[in-house]
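Single-structure report; data block below.
Protein chains: 2
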Amino acid sequence: MTAYTEGRTMHSSPHEHGGALHQHGGAPHGARSVARHRAAVAELLAPLLTEARAETLALRDALGKGLAHDIAAPLSLPPFANSQMDGFAINSAHVPDGGAELRTVDPVPAGATPAALERGCAAPIMTGAMIPDGADAVVPVEQAVPDRFPAPGVAGTVWLPATAAGTFVRAAGSDIRAGERALAAGTFLGPAQLGLLAALGIGEVTVHRTVTVLLATTGDEVVEPGRPLPAGKIYDSNGTLLESALRQAGLAVVRTAIASDRPEELRALLRSHAGSVDLIVTTGGVSKGAYEVVRQAMDGQAAEFVHVAMQPGGPQGIGTFDGVPFLGFPGNPVSCLVSFEMFLRPVLAGMFGSPAPRTAVPARLAHSLTSPEHKHQVRRGSYQADGTVRLEGGDSSHLMHALAGSNALVHVPAGVSALAEGDEVEVWML
Amino acid sequence: MTAYTEGRTMHSSPHEHGGALHQHGGAPHGARSVARHRAAVAELLAPLLTEARAETLALRDALGKGLAHDIAAPLSLPPFANSQMDGFAINSAHVPDGGAELRTVDPVPAGATPAALERGCAAPIMTGAMIPDGADAVVPVEQAVPDRFPAPGVAGTVWLPATAAGTFVRAAGSDIRAGERALAAGTFLGPAQLGLLAALGIGEVTVHRTVTVLLATTGDEVVEPGRPLPAGKIYDSNGTLLESALRQAGLAVVRTAIASDRPEELRALLRSHAGSVDLIVTTGGVSKGAYEVVRQAMDGQAAEFVHVAMQPGGPQGIGTFDGVPFLGFPGNPVSCLVSFEMFLRPVLAGMFGSPAPRTAVPARLAHSLTSPEHKHQVRRGSYQADGTVRLEGGDSSHLMHALAGSNALVHVPAGVSALAEGDEVEVWML
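Chains as they are written, first to last, in the numbering used here: chain A, 4 to 433; chain B, 4 to 433.
Shown next as structure tokens:
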């Protein structure tokens, strides 16, 4: 697979080691585009899209999963013509313009199979009940004289106005016809999609099996929340942030203890789990500082460490560890989340239909902004109901509080170096 | 509580029974507004908002829940001034405009507590590492001559350009200061909010306990998916649709078998579960036809059956059953989902911060539409990335396939009877 060959080459190339310039701020000559890195992630994960990973589940267990195959409607919806109102079923041809007095027959409750309607008769009918043979319209009860239903079993008459054929009748197949495609492979199964399958009488559905991710956060400087914080250290937020994001997206997560900055320890940690997961995600240790534990731990593996023309989240690792797909996200929390949202989520959504892709919304900037011209900048913001978006915090990737106050990612594509208040941007709703 | 007293009155009032007109199409004289019914739902559920229902959970178990109390930051973020770059920490006052050759001291890795910086020295420093006392700026490594770090332990010099104080330094507290409010009570705890708590060293959080809903779908005409479908019957989609919507919103659901149209059976079914749930939701049997099992089962309970000026979802039941809060949604699937999204979800979101409220987005209509002037119409549509919304299916509440193809609810407020292509509407993203 090209990416990894190229990876091994680049990893040991002088270009790469002399390439600190690509890392920070400056011109990203040699950096790869967001689209190209997303394509590499798709290539990396493509082997997960196999029939062997499909499973058949009861509807209630399929919530939030992606549909594995197209589903054709086994029956039409509605299955039979039924009434949209509580009223009287009539044959429109038998009621002249001036209206008519008709004999009322036995009422038709929902769920019953009514007798055919005789000429000169009207059948009291409930919402959802089957239209009798010979009837082609429903007159709402409030248009009848008298405007109520006759007492059951009592023979009587009712005056009804002339009504066009089809009035308040839900035709069989007016929602979907038997044999039509009800849902396409790769559809995210939310309440409405599962509700449709239930309406079609389908009790089980074949979905893509949940992807299991090994999540390893690294760094001698990070400490588990709840422990004391020595000088110079920070609490690990990447683990909680990414585990929550992965789980919210419907992925299964195996989370390891924080790995130290000793490559052999990280290697052993990954080996101890690699056999039981579909994907390894690490945070930190991928840039070009003097202490980059993930780069060192992946030495000799089919992995490359690249710089994507994106801010934040430029430094990225990608490849395999002992044959298991591997993604190395940067060490800053915002960079981690942006890496997940920009690369892993859209690729999984495209392949499996789950997680659901983010909703892209055009918004007007509430402030001006600047952006490195050659990078795709991803800012955090709060989208307002009036269609504007306020930026939260600056462009720095350490601003967790600002991220927690945001509900959207704000995209400033490569090639744009400044935008004014009121300019339109694409935002993704978080 | 007014609503229920009024309920008992209305339930047995001739006005109510003569009121079929309020039900269908015509002028909704006597119908209650969406806002008023939402307020009644809020009043009904208010007793659930008690300290007794708060629980303290580990961060990973709090995903998707609502924060019970404000949380103040126990420390500042970042906790100490640190470097935003791999580079050299300097005292900006000691580097003249022309730059200077400085002695390199021991490098500062992330997590370490560096010695104070002496005059004439530069400290190689990694991203995230603590800025030494006496230093006030960082020069990125690629601006240094030579543009790389000295070998550890080797005394050497580096030429660095003049740099303004504060350059590439993340000041302590620049994200949030100790004592400031980090998160407000009622905040939905998603990945970013949990990540912030982790960054603050907080390992446990007090949230509102999950609300448990008893879901009972009714009707002699509905059949469980997977069974054969007799003539005149339909498959139950409400149960799957609503259970999925409630669970996706983070609620716990107890789902009963489909209740028959015999009121005493429904009453027994509700009694058998009422003790163990926070809320009873039924579907169907709330309108004014001749066979309305929920209305009949609730006879003598503190419940009312009202008509809300909304389409679909006009007929609504509200009150208590044996003292347990009760909501009676209409029988059509789309009406059920609209009832949940318009009344239950926003009320719970407002009270508990969970489920997350829907995102409201202004959109331009891709088609013209008409709407009953005195009702709030809720159409289904697919929102497009260009900011337009296409209507899916008609206004009829039986269109499950159209609902499954939608990603948004389209609001046409009361007072509006027609809109043209291109007119702006508010949509809620599903």
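Where is the CB? At the ideal position from N, CA and C, for every residue including glycine.
Using only the alpha-carbon positions, how far apart do glycine 90(A) and glycine 353(A) sit?
The sequence position of residue 90(A) within the first sequence is 87, counting from 1. The sequence position of residue 353(A) within the first sequence is 350, counting from 1. Take the alpha-carbon of glycine 90(A) and the one of glycine 353(A): they are about 48 Å apart.
I'd like to know if serine 409(B) contacts chain A, where contact means its C-beta is closer than 8 Å to some C-beta of that chain.
Looking up residue 409(B) in the second sequence gives position 406. Using a CB distance cut-off of 8 Å, serine 409(B) counts as an interface residue toward chain A.
Cα-Cα, which of Ser420(A), Ala312(A), Glu395(A) is closest to serine 409(A)?
Translated into positions along the first sequence, residue 409(A) becomes position 406. Measuring from the Cα of serine 409(A), the nearest candidate turns out to be Glu395(A).
Name the two residues that bound the continuous alpha helix (DSSP H) containing proline 50(A).
Counted from its first residue, the first sequence places residue 50(A) at position 47. No alpha helix (DSSP H) contains proline 50(A), which DSSP labels as neither H nor E.
Would the beta-carbon of valine 216(B) fall within 8 Å of that of leucine 249(B)?
As a working note, residue 216(B) is residue 213 in the second sequence. As a working note, residue 249(B) is residue 246 in the second sequence. Yes, these two residues count as a Cβ contact at 8 Å.
Is the Cβ-Cβ distance between valine 364(B) and valine 419(B) less than 8 Å?
Locating residue 364(B) in the second sequence gives position 361, where the first residue counts as 1. Locating residue 419(B) in the second sequence gives position 416, where the first residue counts as 1. Contact annotation: valine 364(B) and valine 419(B) have beta-carbon atoms that are not nearer than 8 Å.
State yes or no: is the beta carbon of glutamate 395(A) nearer than 8 Å to at least one beta carbon in chain B?
Residue 395(A) sits at position 392 when you count from the first residue of the first sequence. It does not: the Cβ of glutamate 395(A) has no partner Cβ on chain B nearer than 8 Å.
Is the beta carbon of alanine 203(A) less than 8 Å from the beta carbon of proline 77(A)?
In the first sequence, counting from the first residue as 1, residue 203(A) sits at position 200. In the first sequence, counting from the first residue as 1, residue 77(A) sits at position 74. What sits at residue 203(A) in the sequence shown is leucine, not alanine. Result yes, Cβ atoms of leucine 203(A) and proline 77(A) sit closer than 8 Å.
If distances are taken between C-alpha atoms only, which option among Asp100(A), Ala271(A), Ala126(A) comes closest to proline 110(A)?
As a first step, residue 110(A) is located in the first sequence; it is residue number 107 there, counting from the start. Checking every option, the nearest Cα to that of proline 110(A) belongs to Ala126(A).
Isoleucine 261(A) CB to nearest chain B CB: under 8 Å?
Position 258 of the first sequence, counted from the start, is the residue given in the question as residue 261(A). No, isoleucine 261(A) does not count as interfacial toward chain B.
Give the DSSP-derived three-state secondary structure of threonine 243(B) in the structure shown.
Walking along the second sequence from the start, residue 243(B) turns up at place 240. The answer is helix: DSSP assigns threonine 243(B) an H, G or I state.
In DSSP terms, what isoleucine 74(A) is bridged to
Numbered from 1 along the first sequence, position 71 holds the residue referred to as residue 74(A). Per DSSP, Leu186(A).
N-terminal and C-terminal residue of the alpha helix (DSSP H) that arginine 270(B) is part of
Taking the second sequence and counting its residues from 1, one reaches residue 270(B) at position 267. Start and end: 266–277.
Under 8 Å, Cβ to Cβ, is there at least one residue of chain E near serine 342(A)?
Given the protein chain composition of this structure (A and B), no chain E is represented.
Tell me which residue opens and which closes the beta strand (DSSP E) that leucine 330(B) is part of.
For the purposes of this step, residue 330(B) is taken as residue 327 along the second sequence, with counting starting at 1. Counting along the chain, the beta strand (DSSP E) containing leucine 330(B) begins and ends at 327–332.
Nearest to threonine 243(B) by CA position, among Thr107(A), Ala61(A), Phe191(A), is which residue?
Locating residue 243(B) in the second sequence gives position 240, where the first residue counts as 1. Ranking Thr107(A), Ala61(A), Phe191(A) by Cα distance to threonine 243(B) puts Ala61(A) first.
Indicate whether the contact test is met: 3 or more Cβ pairs, each with one atom in the stretch 336–355 of chain A and one in the stretch 309–320 of chain A, closer than 8 Å.
In this structure the stretch 336–355 of chain A lies against the stretch 309–320 of chain A, because at least three pairs of beta carbons, one per stretch, are closer than 8 Å.
First through last residue of the alpha helix (DSSP H) which encompasses glutamine 196(A):
For the purposes of this step, residue 196(A) is identified with residue 193 of the first sequence, where counting begins at 1. Per DSSP, glutamine 196(A) belongs to the alpha helix (DSSP H) from 194–202.
Residue of Phe329(A), Val415(A), Ala388(A), Arg270(A) minimising C-alpha distance to serine 371(A)
Within the first sequence, the letter at position 368 stands for residue 371(A). That would be Val415(A), whose Cα lies nearest to the Cα of serine 371(A).
Compute the distance between the beta-carbons of arginine 383(B) and valine 428(B), then report whether it is under 8 Å.
Position 380 of the second sequence holds residue 383(B). Position 425 of the second sequence holds residue 428(B). Going by beta carbons, arginine 383(B) and valine 428(B) fall outside the 8 Å limit.
Would you say methionine 129(A) faces chain B, with C-beta separation under 8 Å as the test?
Here residue 129(A) is taken as the residue at index 126 of the first sequence, counted from 1. Yes, methionine 129(A) lies at the interface with chain B (some Cβ there is under 8 Å from its Cβ).
In this structure, how does DSSP classify glycine 353(A) when only helix, strand and coil are distinguished?
What you label residue 353(A) is simply residue 350 of the first sequence in a count that begins at 1. Glycine 353(A): helix per DSSP, three-state reduction.
Quick one: list the residues of chain B neighbouring phenylalanine 83(A), beta-carbon separation under 8 Å, in chain order.
Sequence index remark: in the first sequence, residue 83(A) carries index 80 (1-based). Within 8 Å Cβ-Cβ: Ala234, Gly235.
Could you work out which residue in Phe308(A), Phe329(A), Val309(A) is closest to proline 270(A) when comparing CA atoms only?
Indexing the first sequence from 1 puts residue 270(A) at position 267. Correcting the residue type first, residue 270(A) is arginine in the shown sequence and not proline. Taking each of Phe308(A), Phe329(A), Val309(A) in turn and checking the Cα distance to arginine 270(A), the smallest one comes out for Phe329(A).
Return the residue from the list Val148(A), Ala96(A), Ala175(A) that minimises the CA-CA distance to alanine 132(A).
For the purposes of this step, residue 132(A) is taken as the residue at position 129 of the first sequence. The option with the nearest alpha carbon to alanine 132(A) is Ala175(A).
Look up leucine 439(B) in the DSSP assignment and give the residues it is bridged to.
Within the shown structure, residues of chain B are numbered from 4 to 433, placing residue 439(B) beyond reach of any answer.
Kindly say whether arginine 298(B), judged by its beta-carbon, lies nearer than 8 Å to any beta-carbon of chain A.
Residue 298(B) sits at position 295 when you count from the first residue of the second sequence. Chain A, which has no Cβ nearer than 8 Å to the Cβ of arginine 298(B), makes this no.
In angstroms, rounded to a whole number, what distance separates the CA positions of arginine 56(B) and leucine 70(B)?
Within the second sequence, numbered from 1, the residue matching residue 56(B) stands at position 53. Within the second sequence, numbered from 1, the residue matching residue 70(B) stands at position 67. Approximately 12 Å, taken between the alpha carbons.
Can you pull the chain B neighbours of leucine 406(A), defined as C-beta to C-beta under 8 Å?
Numbered from 1 along the first sequence, position 403 holds the residue referred to as residue 406(A). Going along chain B in sequence order, the residues near leucine 406(A) (Cβ under 8 Å) are Ala195, Gly198, Leu199.
Under 8 Å Cβ to Cβ from alanine 417(A), same chain only, skipping five residues before and after it: list those, please.
Mapped onto the first sequence, residue 417(A) falls at position 414. Taking alanine 417(A) as the centre and dropping the five residues before and after it, the same chain places the C-beta of Ser36, Val37, Ala312, Glu376, His377, Lys378, His379 closer than 8 Å to its C-beta, in chain order.
Which of helix, strand or coil does DSSP assign to serine 338(A)?
Counting from 1 along the first sequence, the entry for residue 338(A) is found at position 335. In the structure shown, serine 338(A) sits in a helix (DSSP, three-state: H, G or I).
Cβ contact check for the stretch 152–161 of chain A and the stretch 93–111 of chain A: 3 or more pairs under 8 Å:
yes
Between the Cα of serine 247(A) and the Cα atoms of Gly425(B), Gln196(B), Thr391(B), which residue gives the shortest distance?
Position 244 of the first sequence holds residue 247(A). When only C-alpha atoms are compared, the closest one is Gln196(B).
Report, in whole angstroms, the separation of the C-beta atoms of valine 350(A) and leucine 48(A), which I expect to be a contact under 8 Å.
Taking the first sequence and counting its residues from 1, the one referred to as residue 350(A) is at position 347. Taking the first sequence and counting its residues from 1, the one referred to as residue 48(A) is at position 45. With 8 Å as the limit, valine 350(A) and leucine 48(A) qualify as a contact, their Cβ atoms being about 6 Å apart.
Lysine 291(B): contacting residues in chain A (beta-carbon distance under 8 Å)
On the second sequence, residue 291(B) is found 288 positions in, with the first residue counted as 1. Neighbours of lysine 291(B) on chain A, chain order: Asp89.
Per-residue burial, glycine 356(B) [other beta carbons within 10 Å of its own, 16 or more giving buried]
The residue you call residue 356(B) lines up with position 353 of the second sequence. Buried.
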